[in-house]
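Residue numbers (my numbering), protein chains in the order written: chain P, 8 to 122; chain G, 39 to 147. Note that the Cβ used here is the ideal one computed from N, Cα and C, for glycine as well. What you are looking at is a predicted structure, and each value in this text was computed from that prediction instead of being measured.
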């Protein structure tokens, strides 16, 4: 079974540019999460999809961040325009339907550097 | 959202048992306790999950007292490859996880 994949693995962009990160969850997983760790800080939750619907986006830092999950499959996270403080590692995770205990499977992350 | 508190770092010699304790005083009735391991440049990897008492799998044991306000991850006979950051997470199914600072474990030869 393929795990959670993320693309690209690294991205270096200039301040003010736009970047789109992609996450492909494990097939059949309805739940998809985005997290990020900015330099030297904790991993922080960004948002949670159940299929194509946003269940919880309380962690999205501001309106420069837009997440989508078309058709309930892969998800994209767009940062526009990027700022220096957006640099960090963005993780995606997926899990099965929220019935009982479950685990979130994490991807390897996308390292974003804004210069 | 229940927050967790763990020691920032721990050192252990190879072959020893390591116990990492996590405090989660405001854990909710529906919350499960989950431990993840993270190596540099990788995403967190699931180790073990429990609700109460004791859970054991092929890599670790998880001890949870009756009040569930803390939990202890036990790694038997650690090796150098167990050097990593360990996160204790508390959450309800379907909800976000809160990642604290984690515990950086260093295994010494």
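*Would DSSP call residue 49 of chain G helix, strand or coil?*
strand
*residue 103 of chain P bridges to which residues according to DSSP?*
Looking at the DSSP assignment, residue 103 of chain P forms no beta bridge with any residue, so it has no partner.
_Simplified DSSP assignment, three categories, for residue 120 of chain G_ = helix
*Going along chain G in order, which residues have a C-beta closer than 7 Å to the C-beta of residue 49 of chain P?*
137, 138, 139
*Hey, does residue 54 of chain G have any beta-carbon neighbour from chain P nearer than 8 Å?*
no
*Within the same chain, show all residues whose beta-carbon is closer than 7 Å to that of residue 24 of chain P, passing over the 5 residues directly before and after it, in chain order.*
88, 89
*Buried or exposed for residue 114 of chain G, please, with buried defined as at least 16 other CB atoms from any protein chain shown within 10 angstroms of its CB.*
exposed
_Pairwise C-alpha distance: residue 146 of chain G and residue 36 of chain P_ = 39 Å
*Contact under 8 Å by Cβ, residue 30 of chain P with residue 112 of chain P*: no
*Cα-Cα separation between residue 51 of chain G and residue 61 of chain P, rounded to whole angstroms*: 45 Å
*Is residue 92 of chain P helix, strand or coil when you go by DSSP?*
helix
*asked:* Run through chain G and tell me which residues come within less than 7 Å of residue 21 of chain P, C-beta to C-beta.
replied: By Cβ distance, chain G contributes nothing, its closest Cβ being about 24 Å from residue 21 of chain P, past 7 Å.
_Quick check: is the beta carbon of residue 52 of chain P nearer than 8 Å to any beta carbon in chain C?_
Absent from the structure is chain C; the protein chains it does hold are P and G.
*If we ignore side chains and look at the alpha-carbon of each, how far apart do residue 90 of chain G and residue 96 of chain G end up?*
18 Å
_Taking its Cβ as the centre, do 16 or more other Cβ atoms sit within 10 Å of residue 127 of chain G, making it buried, or is it exposed?_
buried
*Indicate the three-state DSSP secondary structure (helix, strand or coil) for residue 29 of chain G in the structure shown.*
The structure shown does not extend to residue 29 of chain G, since chain G is modelled only from 39 to 147, so the question has no answer here.
*Go ahead and pull the three-state DSSP assignment for residue 78 of chain P.*
helix
*With 8 Å set as the bound, which would you pick, yes or no: does the beta-carbon of residue 84 of chain G sit closer than that to a beta-carbon of chain P?*
yes
_Amino acids of chain P, ordered along the chain, whose beta-carbon sits closer than 7 Å to that of residue 72 of chain G_ = 110
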